[in-house]
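Novice: In my numbering, the protein residues as written are 411 to 584. By construction, the Cβ of each residue, glycine as well, lies at the ideal position given by its N, Cα and C atoms. Okay, here's the structure, questions in a sec.
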Amino acid sequence: MTRAGMEGETAVAALNLRRMRESDLDLVTELEAQAYSQPWNAHVFVEELNQPTRTYLVIEDDQTVLGYAGLMVVGTEAHVTTVVVHPDRREDRLGTRLMLGLAAEAIEQGAKSMTLEVRVSNEPAQRLYRRFGMAPVGVRKKYYQDEDAMIMWVHDIEGTDFAQRRVEIEESLR
Ligand SMILES: CC(C)(COP(=O)(O)OP(=O)(O)OC[C@H]1O[C@@H](n2cnc3c(N)ncnc32)[C@H](O)[C@@H]1OP(=O)(O)O)[C@@H](O)C(=O)NCCC(=O)NCCS
C-alpha cells in the first residue's frame, strides 16, 4: 500500500456518525450560529431531540463535532430540517456523509420520499442535495424573511434506483 493510501484510510476511519446528544449542544449551537442568520438556540434543539418524529445526527472525528443534520419523518415523508458542516471542513464530503446517514434513517423509518427547503441562493447545498436525486419542484415565497426557498424532493427512496445511488455515493467516498 502506498503512503498516500494509508493516510487516506486513516483519515476516513477517524470519522464517526452517531445520534446527537444534549451534551453536543454547546458545539452544535456554535456551528449553528456560524451557519445561519437566524440560528436555533439550545432550547430549540432540546425540544427537537425530544420529539419522537425527529432524528438528529452528528459527524465527529476523534477531537470534536464537525457537523450535524436533522430529519423529521411523518408517515412516508421525510423532511430534512438542517445540514451544517464546520466552515473549515466544508467541501470535504462531510455533508455527503450526513445526507447518507439521513437517507438511511429515512428508509429505516419507513419513508418513501425526502423533501427539504433551501435558500434559492444556496448553490453548495443544492448541489449536495442534487447528488441524492433531489429535484426542485417549486418555490416558497419569503420562506426565509429575506429570501425565497426552493422546495426539493426525491421519491421512491425505498426502491432499487435510490439504493444504487446510495451505493455509488458511498463508493465515491472511499
Ligand atoms: C451545504 C453544506 C452542508 C455542504 O456540506 P459540505 O460538507 O461542504 O458538502 P460536500 O463536501 O459533501 O459536497 C457535496 C457536493 O456539493 C458541492 N459543494 C459543496 N460546497 C460547494 C461550494 N462551496 N461550491 C460549489 N460546490 C460545492 C461539492 O462539490 C459536492 O458536489 P459533488 O459531489 O458533485 O462534487 C455546507 O456548505 C454548510 O454547512 N453550509 C452552511 C449551512 C447550510 O447552508 N446548510 C444547508 C441548509 S438547507
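#1: Looking at N532 and ligand 3, is the gap between the Cβ and the nearest heavy atom below 6 Å?
#2: Could you check if R503 belongs to the surroundings of ligand 1, using beta carbon to heavy atom distance under 6 Å?
#3: Name the residue from L481, V530, A535 whose alpha carbon lies nearest to the alpha carbon of L504.
#4: Would you mind giving the Cβ-Cβ distance between R464 and G485, rounded to the nearest angstrom? I have them listed as a contact below 8 Å.
#5: If you check the beta carbons only, do V475 and D434 fall under 7 Å apart?
#6: G548 bridges to which residues according to DSSP?
Specialist: Checking against the coordinates, here is how it stands:
#1: Looking at this structure, you won't find ligand 3 anywhere; what it does contain is ligand 1.
#2: As a first step, residue 503 must be located in the sequence shown, where it is residue number 93. Placement of the Cβ of R503 at a distance of less than 6 Å from at least one heavy atom of ligand 1 is found.
#3: As a working note, residue 504 is residue 94 in the sequence shown. It is A535.
#4: The residue given as residue 464 occupies position 54 in the sequence shown. The residue given as residue 485 occupies position 75 in the sequence shown. 14 Å between Cβ atoms; not a contact.
#5: Reading the sequence shown from its first residue, position 65 is the one you call residue 475. Reading the sequence shown from its first residue, position 24 is the one you call residue 434. In contact: V475 and D434 (Cβ atoms closer than 7 Å).
#6: On the sequence shown, position 138 is the one that residue 548 refers to. Answer by DSSP bridge pairing, in chain order: I561.
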